[in-house]
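Below: the structure, in structure tokens.
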Amino acid sequence: MNMGPDTASSNLSWLLKMAWRDGKASGRRLFLFMASIILGIAAVVSIQSFSDNLQQNIVLQSKALMGADFIIDSNQLPNETVQSIIDSLGGALGQEVNFVSMASFPQKNGTKLVQVRGIEGGYPLYGAFETSPEDAAVHYQENRGALVDATLMLQFGLKVGDSVKIGKVVFKIAGRLLSAPGSTALSSTVAPAIIVPYRYIDATGLLQIGSRQEYNYYFKASPGMDLDELDKRLDPLLDAEGADLDTHTSTSRRLGRRYSNVGKFLNLVAFIALLLGCVGIASSVHIYIKEKLRAVAVLKCLGATRKQTFTIYLLQIAGMGLAGGIIGTTGGLVLQLLFPRILAEFLPFDVQLTFSAVPVVLGLLLGVFMSVLFALLPLMGTWYVSPLEVLRVQEHAPRRSRRANIMIMGSILLFIFLFSLWLLQRWQYALAFVVAILVTFAILAGIAALFMKAIRKYFPESWSFTARQSLLNLFRPNNQTMTLMLAIGVGTFLISTLYFTKDILLAKATLEDSSGTPNLMLLDVQTEQRDSVAKRITPKGLPIIDNIPIVTMRIQDIKGRPVNDIRLDTTSTVNQWILNHEFRVTYRDSLISSETLISGEWMPKMTAGGAVPVSWADNVANDAQVAVGDTISFNVQGVLMKTVVASIRNVDWGRMQLNFSMVFPTGVLESAPQFHVLTTKTPNAKVSAQLQRELVGAFPNVSIIDLRQLLSLIEGILDKISWVINFMAFFSILTGIIVLIGAVRTSKYQRIKESVLLRTLGAKNAQIMRITALEYLYLGVLGSLFGILLSLLSSLLLALLVFETTFTPSWIPFLVLLPGITLLVLAIGLGNSRGVLNSPPLEILRKEAR
Amino acid sequence: MANILNVHQLKKTYQSGSKTLTVLEDISFSVSGGDTFAIVGPSGSGKTTLLGLCAGLDQADWGSVELCGVPLSDLNEDQRALLRNKEVGFIFQDFQLLPTLTALENVSVPLELQGAKNARQSALALLVKVGLSDRSHHYPSQLSGGEQQRVALARAFSNRPSILFADEPTGNLDQETGDKVVQLLFDLNQEAGTTLVIVTHDMELAKKTRHILRLKGGRILANETMISS
């Protein structure tokens, strides 16, 4: 039969009109759907937009970040070859030597480990030192001036004009250093910078054997100079001499990658919030469409086709997604204004925020696409509803197409995978993320399903009426148990995992409180100073716990191949750093607590002639591609020494103690030029500070690391990092709460009908209240408990597989999160049911039916 | 006048657990264009099922239905929907207005589905006819039962149907309101010259039609023609 052209179906404007009319009357419910994705989109857009801005800023400010067009850096003064390369480039316009040392402040009687930067010439060639007073950046070079990190000055109560003693030289503080090109607040926290004129560095007497210094030579590119070509041409030549060339473009690319990785990680956390919102949408649309099926049947009865009725609700959901996308995107753009503040400590420059189109398009597309994708499954219900529903409620739900269901589920998974792939760039990571999401969601959903099944099977008939009724509510038709479990569980899981991870990281860094564990480390002690230093410590009743000799050396050849050959061999898999690194090794006759022998034999003493048996750390051996029995020649400050890998050790680098890549046996290096690390344990901060003052006064070249201070620094840094992650996780929690409110409100009509019925049958308000409270109590306890238990499992896996440490869970999540989140769920549940209790039944039914 | 509805040896069964229930069996009758027709019978006699099959809302297991000259078995669900939109009007016991649409919007939907340009004006004119012009912007929940059924009447006539199916149109109304609605139904029907098929167990209402089909246990008990209506 030819029915002629269907003008209505092609009339999109009518479909839009119908979607609008129906949506207008269902406004409150649709707003909650929309709210579910707003925060997720805001989080994704804000991170994406800020990352874009950051990348643009890095490119724009790359010269100012480096302070030059390119630099040549080396750990030693340039040899003839390096100097000739520098000269061939027209000579450096600025030069710097920097190293870590102790500074003392005579007026304040204090000492502090600082980064000393000796600067000469026009550095920074781009950008500037930001100082107070402003002209200090120019005048510090005169009259033996110093620019001192502003926070450090605040800590010690220093004023401009005070003195700072570095090594044997006393400098006059010319100004506060507010910022320097390329440095972050975080790096200044570890070792705050003091800038002094280069010409006084020799006089400080700090550049001795074992001192770890870096020389930088700053250049401006001549017009038309191809920096990438320069890098390609000179870098291998410089590498061979233990120097390196960095251009502002390569540095900005590296920096860009680093921040982009952080951005991607934060984006994943934001994406979880969005996914959680989408689960909320799917669940709410399921109930929403279920209530609309009668209207769909009427429309079909009046002559609307399946496609038309489906499209009406599809347009509604897409419209809601678009509105959510617009609000979320706007929110995200506003939110990104907060990021420069939140991330201030991690950024080496001020970020200028500009409008970026990609995140806006992304936000809008995500809003529409994810809403539609996650609503498709429940929306398919409109396709299968029969117009006969108008005459009688169908006894059996119409059979849905299995193929359509599989295709929709497949599309959802594919989308999550592709979006993760876009963020993470590696399919293995994206796949792992999708699997992790699936496993987490599946476990929580499985627990909800099992719980409901268990209640049915072992229903506690003997319980009171209210307790039984509240349990029944958990598996009544249209129940929201699964959605609420997911929302509560995922939210709790995220916060709890973050908490445990921070715990794991801190536990690794914690100092053991035993008498044998040092808390003060004295570095760069010269051999001739060793006894004098010890004499300053022991008379105070403090022990010398370790006296570790350190000898510096470089690798000359590996398995007979000179390192220069390996450098030029493009097929070599030996890690480049091995070839260029100046190793600091020690010698001793036994393993220490952070070491475990994996293979070979531990050789305590050099007994016979021939190759020296050396023990390698496993990760370093891996990078150097060497195994037990391989021969390696070292250049020990000019003397070649043939060695053999005698054993491979596993080293726990996370321990707060001195660990070494290579350990020589005793009887070999004793007469080599060396310096020492002494450790001691001070009973308190006061004794520690006094000892440090004395030692710095007497031995200016000795650097002292106070492990207690270092620990609190690490704790501070972890706090800052976890604050940023918590900030993003907060969106998941908030989304969880909105999904929760959405789920509660969506099932409100159902609940009201039951409550009205119960009230009509004589139930008191208090009883209805108790039923509702108990229902949310079950959900709150169950969701948060399993969220925490799941986070215990994931944290255990993180501890074992990523951090390679043991995991001792803290009770805090159980004591704080569990009751906290349960109370929150209870408050939301009861808050939304309040109206049901306060008004007459008929009034509520009339109002809600609209 | 030519038959607008031909029903031939219709059979309908439902599956209830492992049992097969025969709801209708061997049903054959015809309705002429412009005629009025009532299907009566006790609860469970298959009246509503028969109406659903005649209007193309459901499909028979056996037999055929020809509506407006078109065999329904030849059409898929969407084609049947288009046929309903062109040729059929409905009135239901529980009104079945779309709760999220105003009275005016409810009446204009069938016209809008046809792509009619003056849907709003036509719908308003019909609301005037049923005496609800002042309630056009009210939602169903803001109207009384009688008012809702009058809106449903206006909607049923809005697409100028060839045939109108009414399922217990007064079932949810009190006597007085029901009488008024019935009067309005017959007046509008006469004015439009539409074929009217009413399913009811109210014999008073059935007697207002020219033909009465009596059902019992899913079979035709009698097919009577009234002398005067």
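Protein chains in written order, with the numbering used here: chain A, 1 to 850; chain C, 1001 to 1229. In this text, a Cβ means the ideal position worked out from N, Cα and C, and glycines have one as well.
Output yes or no for whether 8 Å exceeds the beta carbon distance between Val663/A and Ile648/A. One-based indexing of the first sequence puts residue 663/A at position 663. One-based indexing of the first sequence puts residue 648/A at position 648. In this structure, Val663/A lies away from Ile648/A, with their beta-carbon atoms at least 8 Å apart.
May I have a chain-ordered list of the alpha helix (DSSP H) segments no shorter than 4 residues that lie completely inside the segment 334-393 of chain A? Note on the segment 334-393 of chain A: whole alpha helix (DSSP H) runs with a minimum of 4 residues are 339-342, 357-384, in chain order.
Straight-line gap, Phe105/A to Asn701/A (C-alpha atoms, nearest Å): Position 105 of the first sequence, counted from the first residue, corresponds to residue 105/A. Position 701 of the first sequence, counted from the first residue, corresponds to residue 701/A. Rounded to the nearest angstrom, the gap between the Cα atoms of Phe105/A and Asn701/A is 15 Å.
So what's Ser9/A in DSSP terms, helix, strand or just coil? For this step, residue 9/A is matched to residue 9 along the first sequence. Residue placement at Ser9/A is flagged as unreliable, the pLDDT there being 47, under the threshold of 50; the coordinate-derived value follows with that caveat. Coil at Ser9/A, not helix or strand.
On the DSSP letters alone, give me the boundaries of the alpha helix (DSSP H) that Pro1110/C sits inside. Locating residue 1110/C in the second sequence gives position 110, where the first residue counts as 1. Where Pro1110/C is concerned, the enclosing alpha helix (DSSP H) stretches over 1103-1114.
Look at the Cβ atom of Lys1011/C, then the Cβ atom of Gly1063/C, and state whether they are nearer than 8 Å. Start at 1 with the first residue of the second sequence, and residue 1011/C comes out as number 11. Start at 1 with the first residue of the second sequence, and residue 1063/C comes out as number 63. Contact flag set, yes.
Along the segment 1028-1045 of chain C, where does the CB come closer than 9 Å to a CB of chain A? Name the residues. Legend: CB atoms of the segment 1028-1045 of chain C lying less than 9 Å from CB atoms of chain A are not found in any residue.
Measuring alpha carbon to alpha carbon, tell me which of Met452/A, Ala685/A, Gly67/A ends up nearest Thr111/A. Locating residue 111/A in the first sequence gives position 111, where the first residue counts as 1. Taking only the C-alpha atoms, the option nearest Thr111/A is Ala685/A.
Listed by chain order, chain C residues near Lys453/A by CB distance under 9 Å: Looking up residue 453/A in the first sequence gives position 453. Within chain C, no C-beta atom comes nearer than 9 Å to that of Lys453/A; the closest sits roughly 23 Å away.
Is it buried or exposed for Gln155/A, if we count other Cβ within 10 angstroms and need 16 for buried? The residue you call residue 155/A lines up with position 155 of the first sequence. Exposed, because fewer than 16 other Cβ atoms sit within 10 Å of the Cβ of Gln155/A.
Consult DSSP for Asp162/A and reduce its assignment to one of helix, strand or coil. Here the question's residue 162/A lines up with position 162 in the first sequence. The answer is coil: DSSP assigns Asp162/A none of H, G, I, E or B.
Can you pull out the residues from the segment 15-31 of chain A whose beta carbon lies closer than 7 Å to at least one beta carbon of chain C? Those would be Arg21, Asp22, Ala25, Ser26, in chain order.
For the segment 1047-1063 of chain C, list every residue whose C-beta sits within 9 Å of some C-beta in chain A, in sequence order. Result list: Thr1048, Thr1049, Leu1051, Gly1052, Ala1055, Gly1056, Leu1057, Asp1058.
Check whether the Cβ of Ser356/A sits closer than 7 Å to any heavy atom of the ligand GDP, and report yes or no. Of ligands this structure carries none, so the ligand GDP is not represented either.
Of all the CB atoms in chain A, is at least one closer than 8 Å to the CB of Gln1121/C? Reading the second sequence from its first residue, position 121 is the one you call residue 1121/C. No, Gln1121/C lies away from the interface with chain A (no Cβ there is under 8 Å from its Cβ).
Take Gly167/A and list the residues in its own chain whose beta-carbon comes closer than 8 Å to its own, dropping the five residues that flank it on each side. What you label residue 167/A is simply residue 167 of the first sequence in a count that begins at 1. Contacts found: Ser101, Ala203, Thr204, Gly205, Leu206, Pro700, Asn701.
Contact with chain C by Arg745/A, beta-carbon distance below 8 Å: Indexing the first sequence from 1 puts residue 745/A at position 745. It does not; no Cβ of chain C falls within 8 Å.
Within chain C, the residues that Cys301/A reaches when beta carbons sit closer than 9 Å: Start at 1 with the first residue of the first sequence, and residue 301/A comes out as number 301. Under the 9 Å cutoff, chain C gives Ala1055, Leu1057, Ala1081, Arg1084, Val1088, Phe1090, Phe1092, Gln1096.
Could you check what DSSP says for Asn519/A in three-state terms: helix, strand or coil? Locating residue 519/A in the first sequence gives position 519, where the first residue counts as 1. Taken through DSSP and simplified to helix, strand or coil, Asn519/A comes out as coil.
Can you tell me the Cα-Cα spacing of Val44/A and Gly829/A, whole angstroms? The residue you call residue 44/A lines up with position 44 of the first sequence. The residue you call residue 829/A lines up with position 829 of the first sequence. When rounded, the separation of the alpha-carbon atoms in Val44/A and Gly829/A is 29 Å.
Could you name the residues of the same chain whose beta carbon sits closer than 6 Å to that of Lys642/A, not counting the 5 residues immediately before and after it, in chain order? If you number the first sequence from 1, residue 642/A lands on position 642. Result list for Lys642/A: Ala611, Ser633, in chain order.
As assigned by DSSP and simplified to three states, the class of Glu291/A: Looking up residue 291/A in the first sequence gives position 291. In the structure shown, Glu291/A adopts helical secondary structure according to DSSP, grouped into three states.
Counting only C-beta atoms, is Pro387/A closer than 8 Å to chain C at any point? Taking the first sequence and counting its residues from 1, one reaches residue 387/A at position 387. At least one chain C Cβ lies under 8 Å of Pro387/A.
Strictly below 9 Å CB to CB, what residues from chain A border Asp1134/C? For the purposes of this step, residue 1134/C is identified with residue 134 of the second sequence, where counting begins at 1. Neighbours of Asp1134/C on chain A: none; closest Cβ ~20 Å, over 9 Å.
Beta carbon of Asn216/A nearer than 8 Å to that of Asp73/A: Locating residue 216/A in the first sequence gives position 216, where the first residue counts as 1. Locating residue 73/A in the first sequence gives position 73, where the first residue counts as 1. By the CB criterion at 8 Å, Asn216/A and Asp73/A fall inside the cutoff.
Beta strand (DSSP E) segment containing Val781/A, residue limits: Your numbering for residue 781/A matches position 781 in the first sequence. Per DSSP, Val781/A belongs to no beta strand (DSSP E); it is in the alpha helix (DSSP H), 765-797.
In three-state DSSP terms, what is Met409/A? Here residue 409/A corresponds to residue number 409 of the first sequence, with the count starting at 1. When secondary structure is reduced to three states using DSSP, Met409/A falls in the helix class.
DSSP state of Pro236/A mapped onto helix, strand, coil: Translated into positions along the first sequence, residue 236/A becomes position 236. DSSP, read as helix, strand or coil, puts Pro236/A in helix.
With C-beta atoms as the reference, is Phe346/A less than 8 Å away from Gly787/A? The residue given as residue 346/A occupies position 346 in the first sequence. The residue given as residue 787/A occupies position 787 in the first sequence. The Cβ-Cβ distance between Phe346/A and Gly787/A does not fall below 8 Å.
Three-state class that DSSP yields for Pro223/A in the structure shown: For the purposes of this step, residue 223/A is identified with residue 223 of the first sequence, where counting begins at 1. Under the three-state reduction of DSSP, Pro223/A is assigned to coil, being neither helix nor strand.
Looking at chain A, is there any beta carbon in it that lies within less than 8 Å of the beta carbon of Asp1202/C? Along the second sequence, read from residue 1 onward, the residue named residue 1202/C stands at position 202. False, the Cβ-Cβ gap to chain A never drops below 8 Å.
Which residues in the same chain as His1008/C place their Cβ atom closer than 6 Å to its Cβ, once the five residues preceding and following it in sequence are excluded? By 1-based counting over the second sequence, the position of residue 1008/C is 8. Excluding residues within five positions, the ones whose Cβ falls inside 6 Å are Ser1028, Gly1063, Ser1064.
Among all the DSSP beta bridges, which residues are the ones paired with His139/A? Within the first sequence, numbered from 1, the residue matching residue 139/A stands at position 139. In DSSP, His139/A forms no bridge with anything.
List the residues of chain A that Val1128/C touches, going by C-beta distances under 8 Å, in chain order. In the second sequence, the residue the question calls residue 1128/C occupies position 128. Here the premise fails: no neighbours, minimum Cβ distance about 21 Å.
Which one or two residues does DSSP pair with Ser1032/C in a beta bridge? The residue labelled residue 1032/C in the question sits at position 32 within the second sequence. Note: Ser1032/C sits in a beta bridge opposite Asn1003/C.
Cβ-based burial, Met409/A [other Cβ within 10 Å; buried from 16]: Start at 1 with the first residue of the first sequence, and residue 409/A comes out as number 409. Per the 10 Å Cβ criterion, exposed.
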